[in-house]
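Novice: Going by the numbering used here, the first residue of the sequence shown is number 10, and it counts up by one from there.
Glycine included, every Cβ here is placed at the ideal spot set by N, Cα and C.
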Amino acid sequence: MAKVFSKKQIERYASPRRIADLGRQVTETLNAHPRVQWLESPHVQLFVHQNFLSAADCDLLIDMIDTDSQPSTLYKGTEREGYRTSHSCNVDPANPDIRRIDQSLCDLLGLPQTHSEILQGQRYQVGQQFKDHHDYFHESEKYWQMEGPNGGQRTWTAMAYLNEPEKGGATAFPQLQYEVEPRRGMLLIWNNMSLDGTPNIDTLHAGTPVDEGTKYIITKWFRLNQWQKAWVP
10 MAKVFSKKQI
20 ERYASPRRIA
30 DLGRQVTETL
40 NAHPRVQWLE
50 SPHVQLFVHQ
60 NFLSAADCDL
70 LIDMIDTDSQ
80 PSTLYKGTER
90 EGYRTSHSCN
100 VDPANPDIRR
110 IDQSLCDLLG
120 LPQTHSEILQ
130 GQRYQVGQQF
140 KDHHDYFHES
150 EKYWQMEGPN
160 GGQRTWTAMA
170 YLNEPEKGGA
180 TAFPQLQYEV
190 EPRRGMLLIW
200 NNMSLDGTPN
210 IDTLHAGTPV
220 DEGTKYIITK
230 WFRLNQWQKA
240 WVP
C-alpha cells in the first residue's frame, strides 16, 4: 500500500508558496548576472550562459563519463522501451575539480549545494535519445513516496553541453516549439515550476536523437529541501 502523506508533509515536500519564493530568488540572481541571457518565453523561465565551462573542464568531464557511464535508467514502474537510450553516470563528488564545478553551478543560481543532487553526466551516441519528459516529479507516481522525503520537489535544472555532435542532439521543448542546439561549454538553465510554484507542464523537453557523432552533457537538479541521498531503484 502506498504511503499517505499528511497535510504537513505535503506542504513541506512541494509547497507552492515556498517554490514560488525560490523561483523569484533564483530569477533575480540570474537576471543580475552580466553573462546570463534570458531566453524570452512567456511560458517557461529559460536562461543561458555561454562558455560557462572551459574547454579543459569539458574534456575532463567527457573522460569521466566515458570511464564510468552505464545505460541510463528510468524510475521503476515508469520504464518504456526505447524511451531513454543514453548512458549516464554520477561523477565523483569527492574529486576536487568536480567540487569546483559543482559549487560554481550552485553559486550561479544562488542555491545551496545541500539542496542539489549529485552532478550527472550523460552520453548520447548515434540514434540515442531521451524522449519527451519533465524533470519535476509527478506526485501521483510511486517514486514520489521516496523522492518527497528525499529532498522534495525538483525546482531548477542546469544542463551544460560538453561538445557539439556533428548532427542532431538538440534539446527540444515541444510545447514551446523551440530547440537548443548543443554548444560546447554552454549552460542551459530552466525553472521546472510555474510562477505560482506548481509544476509547469510547458517544461516538457527531450534530448533528440544524435544523427552523427556523440553528445556529452552534464545535468544538475535542485530540490526544494535538502537532498538526502541517491535514489535506489
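For the candidate residues Ser24, Asp211, Thr94, Gly177, whose alpha-carbon lies nearest to that of Leu185?
Specialist: Residue mapping note: residue 185 aligns to position 176 of the sequence shown, counting from 1. If we check each option's Cα against that of Leu185, Asp211 comes out closest.
Novice: Short of 8 Å in beta carbon distance, which residues of its chain neighbour Gln79, apart from the five on each side in sequence? Order them along the chain.
Specialist: Within the sequence shown, numbered from 1, the residue matching residue 79 stands at position 70. Cβ within range, chain order: His96, Ser97, Cys98.
Novice: If we require 4 or more residues per run, which alpha helix (DSSP H) segments fall completely within the segment 186 to 223?
Specialist: none
Novice: If Arg163 and Asp141 are in contact, beta carbons under 8 Å, what's the gap, nearest whole angstrom?
Specialist: Working through the sequence shown from its first residue, we reach residue 163 at position 154. Working through the sequence shown from its first residue, we reach residue 141 at position 132. Your pair Arg163 and Asp141 does not check out as a contact, with CB atoms roughly 17 Å apart and the cut at 8 Å.
Novice: Give me, in chain order, the residues of the same chain whose beta-carbon lies closer than 8 Å to that of Gln112; leave out the 5 immediate sequence neighbours on both sides.
Specialist: One-based indexing of the sequence shown puts residue 112 at position 103. Around Gln112, the same chain offers Gln122 as residues with beta carbons nearer than 8 Å, after the five sequence neighbours per side are excluded.
Novice: Going by the DSSP bridge assignment, what does Lys176 pair with across the sheet?
Specialist: Here residue 176 corresponds to residue number 167 of the sequence shown, with the count starting at 1. According to DSSP, Lys176 bridges with Glu221.
Novice: Could you please give the first and the last residue of the uninterrupted alpha helix (DSSP H) stretch that includes Trp236?
Specialist: To locate residue 236, count along the sequence shown from 1; it is residue 227. Trp236 -> no alpha helix (DSSP H), and no H or E assigned at all.
Novice: Does DSSP put Ser113 in a helix, a strand or coil?
Specialist: In the sequence shown, counting from the first residue as 1, residue 113 sits at position 104. In this structure, Ser113 counts as helix in the three-state DSSP scheme.
Novice: Please report the distance separating the alpha-carbon of Val35 from that of Leu120.
Specialist: By one-based count along the sequence shown, residue 35 stands at place 26. By one-based count along the sequence shown, residue 120 stands at place 111. The straight-line gap from Cα to Cα measures roughly 8 Å.
Novice: Name the DSSP bridge partner or partners of Met155?
Specialist: Residue 155 sits at position 146 when you count from the first residue of the sequence shown. Per DSSP, none; premise fails for Met155.
Novice: Determine the extent of the alpha helix (DSSP H) in which Ala65 is found, giving its start and end residues.
Specialist: Counting from one through the sequence shown, the residue named residue 65 turns up at place 56. From DSSP, the alpha helix (DSSP H) with Ala65 extends over 64 to 77.
Novice: If you measure between the beta carbons of Val219 and Tyr152, is that distance less than 7 Å?
Specialist: Working through the sequence shown from its first residue, we reach residue 219 at position 210. Working through the sequence shown from its first residue, we reach residue 152 at position 143. Not closer than 7 Å, so no.
Novice: Enumerate in chain order the residues of its own chain whose CB-to-CB distance from Phe182 is below 6 Å, with the five nearest sequence positions on each side excluded.
Specialist: Taking the sequence shown and counting its residues from 1, one reaches residue 182 at position 173. Answer for Phe182: His214, listed in chain order.
Novice: For Gln137, count neighbouring C-beta atoms within 10 Å of its own C-beta (all shown protein chains included) and say buried if the count is 16 or more, exposed if not.
Specialist: For the purposes of this step, residue 137 is identified with residue 128 of the sequence shown, where counting begins at 1. Buried, since its Cβ has 16 or more Cβ neighbours within 10 Å.
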